[in-house]
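So the protein lines, in turn, are chains A and B.
Residue numbers for the first sequence follow this note's numbering, so the first one is 8 and each next one is one higher.
Residue numbers for the second sequence follow this note's numbering, so the first one is 189 and each next one is one higher.
A virtual CB, placed ideally from N, CA and C, is assigned to each residue, including glycine.
This report refers to the structure that appears directly beneath it.
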Amino acid sequence: MLRFVLRRLLLAIPVLFGIIFVVFALARLIPGDPCRAQLGERATAAVCNDFIHRFGLDQPIPVQFGIYVGQLAHGDLGTSLKFGRPVTDLIIERLPVTVELTLVALLFATVLGILLGVVSASRRNSAVDVVTMFGANIGVSIPVFVLGLVLAWFFAVVLRGTPFALPPSGRLSSGISEIPLTEVWGLTGMQGPLRVLADFVSHMTIFNALLTGQWGPLGDALRHMILPAVALGTIPLAIIARMTRSSLLDVMGLDYIRTARAKGLTERLVVLRHGLRNALLPVVTIIGLQLGGLLSGAVLTETIFNLSGVGRTVTEAITGRDYVVIQGLTIVIAVGYLLINLIVDVSYAYLDPRIRLS
Amino acid sequence: MSISELREPRRRVGTTGERLLDVRGLRTSFTTRDGVVRAVDGIDFHVNRGEILGLVGESGCGKSVTSLSILRLIAPPGRIEAGELIFDGRDLLKLDSRQMRELRGNRISMIFQQPTSSLNPVFSVGRQLEEVLELHRNMKRRAARDRAAELMRMVGIPDPVRRLDAFPHALSGGMAQRVMIAMALACEPELLIADEPTTALDVTTQEQIIDLLQEMQAEFNLSIILITHDLGVVARVANSILVMYAGRPAEFGEADDIFYRCSHPYTRGLLDSVDYGAYRPGEHLHPIAGVPPRLDQLPPGCAFHPRCLYAEPICRDSVPEFGRVPSGHTVAACHPALAGRLNLHRAGAHASGAREL
Ligand SMILES: Nc1ncnc2c1ncn2[C@@H]1O[C@H](COP(=O)(O)OP(=O)(O)OP(=O)(O)O)[C@@H](O)[C@H]1O
Ligand code: SF4
Ligand SMILES: [Mg+2]
């Protein structure tokens, strides 16, 4: 298993370099001179000469690539013009919001989706099955922004004042704040990658509250997360439920299921132990594919629910022609995809020995 | 090779042997879009302790449905409509589902035609063996593993301890079937149902598996229902034989009687259509002309009549009963045989039968 993971990691390295190269090349392809593309049209010649020299833009292209990779290796993604801050800082602050939103949405979609799929499959053609699959067919066809707006309207406007009302925007109610875990654990003096990680986690409101035992803010953070996570998770939920159902039904007709029954196992064990594990193989692939969709969904969700995550930052960077930010985010998102694919492959190998051992 | 060369003299068995399983009037049907298909329509036979019953018949005649019915593993849209399955004095059809589960894999177990796909690909073979021991013998993981290795050795798997961690895809068909047999015998069952256990294997492996089954039968005083297309195998190992045609029993009797004194034209046809062993020049085989009918379009009367060389007018009109023939050798479902008007004892009789009548 470990060897499998290492091999996959090694395979990811050339892909990573490919991505970096494409991003690098795209930056050079931007029409006009690189200085004005980055600093804006009003930059003076003197400023530009200085800029070109400082960033090695007068060097040969291979050298420039080397410099770029070197900067990346130091975690330097450049400085945003629009926000006037290092892109790395921006990412450490905003990526956690997106990661958290995606994780919660995915957790919601996966757990509920598999559960509904299993229930539907084991009670095929029952009322539960018909209703679930009808719901799933509607679920896949509702655009994220429509569902988001409807949810926000219903839970924040219609139910306002009732115990069922839910907040439609932001991460925490005004007046409630969280102490970042870096402060709780006294890590403010720490430097280096571990500090980056700590900062990253402390920006995930739910995790930060959970890890440091701030129960009040935790409840508030969870309540804020419900609507965006449901809006974002509904399409994958519907897809996962349908996939689990059909995959499980296929598997339940196979020879080894007959063997499991002939052994005298209860139907519950036959389904959960012998059926589900095999049925989940295609579902895992689907979940991996859905993650890509979640990221684009996150852009809309973050806008609707006023969350300052990567999705919204990308939108802002594109409208503001902030190339440095776009480049940095492209690399981060691409690395994210690589990681997700790795996780999918590893879970696949965990579930299926034929892959693990080949 | 002739039948007599294959059949070694064996002790006579008969009604004196203790009945382990008595199947009476079993009827299993499937509801399909085109209506109800009676896959098994009134089957009677029995298996004695420590004996091998050969179950033969052309493809689609209901052999697998019969065997799955015995374990009550017929899944919807299939349904056991009627009958009694008396196993060791109790009617299996009257047991509740928990009692039935306690028997499966424990006192009655089953192996299948496709050994590799009958094992779950995501669990090691050891795990799958341990599972049945943990289930019926309440063994702990450790003890179950030791016992699993022992069972693997017993069925002739080399290096069993290492093989416990192998996954099914890494095993050959023959090895996988040995694992299936080990799993089926783990709880020392009284009855083993083997549904074409060798069909998917190559010839040498087929023989080894049949030898193994015979060995296990002797060792555990096991009863086996052996479903096969291979009459040569049946000739070699079976004590009694049930011949099925289109969901109904054609003939049932002791193996010697079926092979030397059969009373049903279909049995005769089957015997004449096979070459027991190697091909011998000059010997002609007489495959039964025509194909079995579709179960949802059975001809009226005796379902075999369109293909039968002995068919009489009555065969078209009424379904023959399944009863003892006057000679007393076998139980058969055939009008002229029941009336004592048929003599099929000679090989080739079926092919030349029309002229003899
Ligand atoms: N799930 C099912 N749905 C509908 N009909 C079925 C089903 N299973 C079996 N049957 C019917 O039962 C008949 C007998 O099937 P069965 O599998 O018992 O044949 P068999 O004698 O084992 O044949 P083979 O030698 O090919 O294994 C089939 O012809 C088919 O019409
Ligand atoms: S009943 Fe008639 S048709 Fe059927 S097997 Fe006997 S002779 Fe042939
Ligand atoms: Mg069959």
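Under the three-state DSSP convention, the category residue i falls into
| i | result |
| --- | --- |
| residue 271 of chain B | strand |
| residue 186 of chain A | coil |
| residue 289 of chain A | helix |
| residue 305 of chain B | coil |
| residue 208 of chain B | strand |
| residue 363 of chain B | helix |
| residue 509 of chain B | coil |
| residue 442 of chain B | strand |
| residue 255 of chain A | helix |
| residue 230 of chain B | strand |
| residue 236 of chain B | strand |
| residue 370 of chain B | helix |
| residue 499 of chain B | coil |
| residue 225 of chain B | strand |
| residue 217 of chain B | strand |
| residue 278 of chain B | strand |
| residue 167 of chain A | coil |
| residue 300 of chain A | helix |
Classification of residue i by the beta-carbon crowding that lies within 10 angstroms, buried from 16 upward
| i | result |
| --- | --- |
| residue 195 of chain A | exposed |
| residue 251 of chain B | buried |
| residue 543 of chain B | Caution is warranted here: a pLDDT of 40 is assigned to residue 543 of chain B, below 50, making its placement in the model unreliable, and no coordinate value can be reported. |
| residue 406 of chain B | exposed |
| residue 107 of chain A | buried |
| residue 157 of chain A | exposed |
| residue 282 of chain B | exposed |
| residue 270 of chain A | buried |
| residue 54 of chain A | exposed |
| residue 206 of chain B | exposed |
| residue 274 of chain A | exposed |
Residue i at chain B interface by Cβ criterion, 8 Å
| i | result |
| --- | --- |
| residue 352 of chain A | no |
| residue 261 of chain A | yes |
| residue 130 of chain A | no |
| residue 251 of chain A | no |
| residue 292 of chain A | no |
| residue 231 of chain A | no |
| residue 136 of chain A | no |
| residue 356 of chain A | no |
| residue 257 of chain A | no |
| residue 17 of chain A | no |
Terminal residues of the alpha helix (DSSP H) in which residue i lies
| i | result |
| --- | --- |
| residue 25 of chain A | 9-36 |
| residue 359 of chain A | From DSSP, residue 359 of chain A is part of no alpha helix (DSSP H); its letter is neither H nor E. |
| residue 141 of chain A | 134-148 |
| residue 106 of chain A | 94-129 |
| residue 267 of chain A | 262-269 |
| residue 341 of chain B | 329-342 |
| residue 257 of chain B | 251-258 |
| residue 53 of chain A | 52-61 |
| residue 523 of chain B | 523-526 |
Pick from the options that is closest to residue i, judged by C-alpha positions
| i | options | result |
| --- | --- | --- |
| residue 171 of chain A | A:163, A:13, A:177 | A:163 |
| residue 145 of chain A | A:47, A:241, A:257, A:234 | A:241 |
| residue 519 of chain B | B:456, B:451, B:476 | B:451 |
| residue 231 of chain B | B:456, B:453, B:440, B:515 | B:440 |
| residue 301 of chain A | A:135, A:100, A:109 | A:109 |
| residue 513 of chain B | B:523, B:506, B:217 | B:523 |
| residue 176 of chain A | A:233, A:201, A:64 | A:233 |
| residue 214 of chain A | A:348, A:111, A:23, A:352 | A:111 |
| residue 212 of chain A | A:236, A:322, A:185 | A:185 |
| residue 291 of chain B | B:215, B:373, B:268, B:331 | B:373 |
Continuous beta strand (DSSP E) stretch holding residue i: start and end
| i | result |
| --- | --- |
| residue 581 of chain B | This structure cannot settle anything about residue 581 of chain B, because the visible part of chain B is limited to 189 through 545. |
| residue 433 of chain B | 428-433 |
| residue 155 of chain A | No beta strand (DSSP E) contains residue 155 of chain A, which is instead part of the alpha helix (DSSP H) from 151-159. |
| residue 325 of chain A | No beta strand (DSSP E) holds residue 325 of chain A; the alpha helix (DSSP H) holding it covers 317-326. |
| residue 379 of chain B | 379-383 |
| residue 556 of chain B | Because residue 556 of chain B is not part of the residues shown, which for chain B are 189 to 545, the question remains open. |
is_contact[residue i, chain A] using C-beta, thresh 8 Å
| i | result |
| --- | --- |
| residue 523 of chain B | no |
| residue 531 of chain B | no |
| residue 528 of chain B | no |
| residue 208 of chain B | no |
| residue 204 of chain B | Low confidence applies to residue 204 of chain B: its pLDDT is 39, below 50, so where it sits in the model is not reliable enough to give any reading. |
| residue 309 of chain B | yes |
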